Ligand SMILES: [Zn+2]
């Protein structure tokens, strides 16, 4: 029987977070983690268009050359007011406000709206010369049912939700995800305790995802939790660099 594997990814890669991204990649490298997918936001919060930051685009290309897969991660990573106004019931509104802080860009997009946002992302990709993109991850993993079909029609090979990884041609791969919430103290305490427990709780899972965000290293207690979780994962499992290598 195969030992389990784990897949680390870094979310919210944008010139807005350049320094933090560099720090996290250096940290991962120091632990011996192989290259990880970088989830790139083409125009973070409508204020950080990649094409206007050629120095950062060069960094992306250098990371890609080292083996980091560049993944499309929404377009602005922010739900526009006109999209949030669409009816989605009280549960959707609660989820949007409290779980995502308005970052669920694809939560309420219909197929047409999702396709337009994806096309904008692909245009940026093209303009910046980032090469072929295989993966798309919706901000906060929130999207409506139709999104995978839209992605396959646009030539993408894989996408993720909270439960696991969907592929255009291969079967769904279940993969629970460990994240650290760095936004406020209560969440920091919760995720600090949750992460190490999750790794043993899910010891029988064949694949575990570990998702990092740029602000995760800002808090010393989270750094310790992340480091011990990653070290334990390295001891217990094999690291994979991309869903394409599963
Ligand atoms: Zn994100």
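Residue numbers (the numbering used here): 18 to 263. Virtual Cβ for every residue (Gly too), placed ideally from N, Cα, C. Note that the structure is predicted; figures quoted are calculated from it, not measured.
- Task: Output yes if chain B places a C-beta closer than 8 Å to the C-beta of residue 21; else output no.
- Result: Annotation note: the requested chain B is absent from the structure, which comprises a single protein chain.
- If you measure from each residue's Cβ to the nearest non-hydrogen atom of ligand 1, which ones come out under 5 Å, in chain order? Chain-ordered list of matching residues: 28, 29, 156.
- Query: Is residue 66 helix, strand or coil by DSSP?
  - Reply: In the three-state reduction of the DSSP assignment, residue 66 falls in the strand class, which pools E and B.
- Task: Evaluate the contact criterion for the stretch 61-70 versus the stretch 132-149: three or more CB pairs, one atom per stretch, below 8 Å.
- Result: Verdict: yes, contact present.
- Query: If we count the other Cβ atoms within 10 Å of its Cβ and call it buried at 16 or more, is residue 49 buried or exposed?
  - Reply: Residue 49 should be labelled exposed.
- Query: What are the boundary residues of the beta strand (DSSP E) that residue 184 is part of?
  - Reply: Segment 181-184, the beta strand (DSSP E) holding residue 184.
- Message: Taking the beta strand (DSSP E) that residue 23 belongs to, which residues open and close that run?
- Response: Looking at the DSSP string, the run of the beta strand (DSSP E) that includes residue 23 is 22-30.
- Buried or exposed by the 16-neighbour rule on C-beta atoms within 10 Å, applied to residue 176: Under this definition residue 176 is a buried residue.
- For residue 74, I'd like the list of residues in its chain whose CB is within less than 7 Å of its CB, leaving aside the five on either flank, ordered along the chain. Here the set comprises 67, 145.
- Message: Distance check for residue 191 and residue 18, CA to CA, integer angstroms please.
- Response: Low confidence applies here, because residue 18 scores a pLDDT of 42, under 50, leaving its location unreliable and the question unanswered by this model.
- Message: Could you give the first and the last residue of the continuous beta strand (DSSP E) run that contains residue 227?
- Response: According to the DSSP assignment, residue 227 belongs to the beta strand (DSSP E) that extends over 224-229.
- Message: Could you tell me which whole alpha helix (DSSP H) segments of length 4 or greater appear in the stretch 140-191?
- Response: Whole alpha helix (DSSP H) segments, 4+ residues: 164-170.
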